[in-house]
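To start, the structure under review is shown below, and the notes come after it.
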Amino acid sequence: MRALPSAPVEKVIVTYKSQATEAGSNTAAKSDTAEKAAKTGEKLSFERRLAGGGALVDLGDSATKQDVTEVMDAFRADPSVASVEPDIRAYAMAAAPNDTDYAKQWDLFEPTGGMNVPAAWDKTTGSGVTVAVIDTGYAAHSDLASNIVSGYDFISTSADARDGNGRDADPKDEGDWNATDGECGTGSRASNSSWHGTHVAGTIGAVTNNTKGIAGIAYNAKIQPVRVLGKCGGSSADIADAITWASGGSVPGVPANANPAKVINLSLGGASASCPSVYQTAINGAVSRGTTVVVAAGNSNANASGFTPANCSNVINVASTSREGNRSYYSNFGTIVDVAAPGGETRRATDTPGTVTTPENGIYSTLNSGTTTQSAENYKPYQGTSMAAPHIAGLAALLKSAKSTLTPAEIESAIKTNARPLPGTCTGGCGTGIADTAKTVDAVTGTTTPPTGTVFTNATNVTISDNATVSSSIAVTGRTGNAPAALKVGVDIKHTWRGDLAIDLVAPDGTVRNLKASSSSDSADNVVATYTVDASSEVANGTWKLQVRDVASGDTGYIDSWNLTF
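Quick note on our numbering: the sequence shown kicks off at 998 and runs consecutively.
Pasting the structure below:
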């Protein structure tokens, strides 16, 4: 006897012998199903004919293993039946990595603000691709070390480099702290070292499945640290030479790059009304050598056209989004932005500048604990378009690894074409939306996006008045069968006393499932959460509703957005 799968079986597939009437007649198959129901005492129903000719018979969700066995035995005993087998479950093979802090990396996997990264790892992990991180250099970190390849220090001024010389082959991050206000020009402030390049590198290529720290997006890619930012930032002349060298070009007085990068990440920038020719020439050269150049849009909540190298041609210009899928309050915007990616918000826009009030909403990555020079390795959440750009650089590495013939233009087009609309809002322009890693990888490898993981969103605001019940609808189409047993319901409600709210999910047939009860003691603001419900008894297609009841007076709000992930 066939061993039954451990997952619950609710249906069986019956294949009739070719000469049997039931093999070609749905009416006959329905009649035979009714006979087997009477014989076994089970509630059986003929659901549909499969493409291969088999009949799918539903036992209902309350069937036990013994019930399934009895039904299968009844069909097997029928001489007109060729075979009967359980309709078993299949699952995606990409298991969550075992990195201890992976749960903090909402930017990789959450359906609302994340970038749908894990679903791509079955197809590509970045092998064979080098990504140059042109930044502050590298602070030694055990969660990066095995993926680091030789880089270079392009800071030409010894005082800025803090290593006692100018350019050299050691890209060690010597620290970018400023001891006093005004040290780096009018308006500059004293600050500790940022270890910025190491944080960026971790997002792209942290070692993964090593039971430690975080997971990198392209975790089998190599990271090449190229140092251009030191004390008081870095010069455009040094940065331009670094772009040329990293992409395999020739720089006078510098040895050739033994590991030319196919992706460059530039999480840096400055104010400029136009792209300096020194940048544009270097970028054009890199692209002509087949290197994709990714640039942060900037953090001034302004049009990115006023910042460089974001305003250069031949780059992928990246804006930042929050965990809720809105444009991050600080992110630059505009028509020159190509795409958005998670950059996080370690504080809300109205919180005191310089504070960290929502660390769980930042981008968690590799860092160093030193306030000036390097000390012990650690991990911290940062926010910024500097954090958004490496998400796209990591995706570019995955694409190049999956299909080595892709040009920079093809990589950019694929990322932009397969982005999804922001579930939240973006005033000013965030390109084509939030990049979708799995969808983009599927597109370039010629595979079809799996039916699981599709997100349906309603981002139309619905006002919630005192002592009122309101709803927001999502029309689900193009699905087959029932909804998942682990249906994800993402909710973003703005409200000044969330304890007033009771939230329900209403299925197309009117069945109500409670997501959140009201609570007079919960005085916090807003409901931003993802709920998991068993909706496997519901037909997937149809109009689903998020129903919100305000049970008290004195505080109001609105449904900002919500989504369903099938």
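Where is the CB? At the ideal position from N, CA and C, for every residue including glycine. This structure is a prediction, so every number in the text was calculated from the model and none was measured.
Which residues bound the alpha helix (DSSP H) around residue i?
| i | result |
| --- | --- |
| asparagine 1281 | 1274–1285 |
| proline 1405 | 1405–1414 |
| glutamine 1221 | From DSSP, glutamine 1221 is part of no alpha helix (DSSP H) but of the beta strand (DSSP E) over 1219–1224. |
| valine 1197 | 1193–1202 |
| proline 1387 | 1382–1399 |
| isoleucine 1010 | Not the alpha helix (DSSP H): isoleucine 1010 falls in the beta strand (DSSP E), residues 1008–1013. |
| arginine 1510 | Premise fails: arginine 1510 lies in the beta strand (DSSP E), 1509–1513, not in any alpha helix (DSSP H). |
Which stretch, first to last residue, makes up the beta strand (DSSP E) that contains residue i?
| i | result |
| --- | --- |
| glutamine 1544 | 1539–1547 |
| aspartate 1557 | 1554–1562 |
| valine 1467 | 1466–1473 |
| asparagine 1023 | That residue, asparagine 1023, is in no beta strand (DSSP E); its alpha helix (DSSP H) goes 1023–1037. |
| lysine 1377 | 1374–1379 |
| glutamate 1044 | 1042–1046 |
Where residue i and residue j are concerned, what is the direct C-alpha to C-alpha distance, given to the nearest angstrom?
| i | j | result |
| --- | --- | --- |
| serine 1232 | alanine 1416 | 33 Å |
| alanine 1270 | asparagine 1479 | 54 Å |
| glycine 1266 | glycine 1295 | 7 Å |
| methionine 1069 | alanine 1142 | 55 Å |
| asparagine 1189 | asparagine 1511 | 48 Å |
| tyrosine 1565 | leucine 1419 | The structure shown has nothing for residue 1565, since the chain only spans 998 to 1563. |
| aspartate 1157 | glycine 1179 | 15 Å |
| threonine 1570 | aspartate 1132 | Outside the shown range of the chain, which is 998 to 1563, sits residue 1570, and nothing can be said about it. |
| glycine 1199 | valine 1548 | 46 Å |
| tyrosine 1276 | threonine 1527 | 43 Å |
| serine 1517 | glycine 1507 | 28 Å |
| serine 1185 | cysteine 1229 | 9 Å |
| glycine 1322 | alanine 1432 | 11 Å |
| histidine 1193 | tyrosine 1379 | 9 Å |
| serine 1155 | arginine 1495 | 55 Å |
| alanine 1234 | methionine 1384 | 24 Å |
| glycine 1425 | alanine 1299 | 9 Å |
| alanine 1435 | lysine 1219 | 21 Å |
| serine 1247 | alanine 1307 | 24 Å |
| serine 1285 | cysteine 1272 | 18 Å |
| aspartate 1348 | threonine 1355 | 10 Å |
| alanine 1093 | phenylalanine 1106 | 10 Å |
| aspartate 1463 | glycine 1049 | 56 Å |
| tryptophan 1103 | aspartate 1552 | 30 Å |
| threonine 1018 | alanine 1074 | 17 Å |
| threonine 1445 | serine 1372 | Because threonine 1445 carries a pLDDT of 49, less than 50, the predicted location of this residue cannot be relied on, and no value is offered for it. |
| valine 952 | alanine 1117 | This structure cannot speak to residue 952, because the chain is shown only from 998 to 1563. |
| alanine 1279 | isoleucine 1408 | 19 Å |
| asparagine 1175 | glycine 1351 | 16 Å |
| aspartate 1029 | alanine 1212 | 53 Å |
| isoleucine 1556 | proline 1505 | 20 Å |
| lysine 1040 | lysine 1062 | 14 Å |
Determine whether the beta carbon atoms of residue i and residue j lie at a separation below 8 Å.
| i | j | result |
| --- | --- | --- |
| threonine 1562 | lysine 1485 | yes |
| valine 1126 | lysine 1397 | yes |
| alanine 1411 | isoleucine 1201 | no |
| serine 1515 | leucine 1498 | yes |
| glycine 1340 | serine 1302 | no |
| asparagine 1365 | glutamate 1357 | no |
| valine 1011 | valine 1065 | no |
| asparagine 1560 | glycine 1443 | no |
| arginine 1164 | glycine 1172 | no |
| glycine 1359 | threonine 1343 | yes |
| lysine 1014 | alanine 1020 | yes |
| valine 1225 | phenylalanine 1151 | yes |
| valine 1312 | valine 1291 | yes |
| aspartate 995 | valine 1525 | Residue numbering for the chain in the displayed model covers 998 to 1563; residue 995 lies beyond these limits and cannot be assessed. |
| asparagine 1281 | valine 1146 | no |
Comparing alpha-carbon positions, which option in the options lies nearest residue i?
| i | options | result |
| --- | --- | --- |
| leucine 1502 | Val1467, Ser1517, Ser1518 | Val1467 |
| valine 1336 | Ser1191, Asn1455, Ala1440, Gly1430 | Gly1430 |
| alanine 1293 | Arg1286, Val1275, Thr1318 | Thr1318 |
| threonine 1121 | Gly1210, Lys1400, Arg1495, Val1251 | Lys1400 |
| arginine 1546 | Thr1030, Thr1540, Ile1471, Thr1460 | Thr1460 |
| isoleucine 1389 | Ala1129, Leu1047, Asp1098 | Ala1129 |
| serine 1153 | Ile1236, Ser1042, Asp1489, Leu1053 | Ile1236 |
If contacts are defined as beta-carbon pairs under 8 Å, then residue i and residue j qualify, I think. What distance do you get, rounded to the angstrom?
| i | j | result |
| --- | --- | --- |
| isoleucine 1214 | valine 1114 | 6 Å |
| valine 1223 | alanine 1239 | 5 Å |
| alanine 1187 | glutamine 1221 | So it is not a contact: roughly 31 Å between Cβ atoms. |
| histidine 1196 | serine 1362 | 5 Å |
| serine 1533 | alanine 1482 | 4 Å |
| aspartate 1096 | asparagine 1217 | Rounded, the Cβ-Cβ distance is 14 Å, inconsistent with contact. |
| tyrosine 1135 | aspartate 1084 | That pair is no contact at about 52 Å. |
| glycine 1554 | threonine 1493 | 6 Å |
| proline 1405 | serine 1264 | That pair is no contact at about 18 Å. |
| tyrosine 948 | glycine 1111 | The structure shown does not extend to residue 948, since the chain spans only 998 to 1563, so no value can be given for it. |
State yes or no: is the beta carbon of residue i nearer than 8 Å to at least one beta carbon in chain D?
| i | result |
| --- | --- |
| leucine 1053 | Among the protein chains of the structure shown there is no chain D, as only one such chain exists. |
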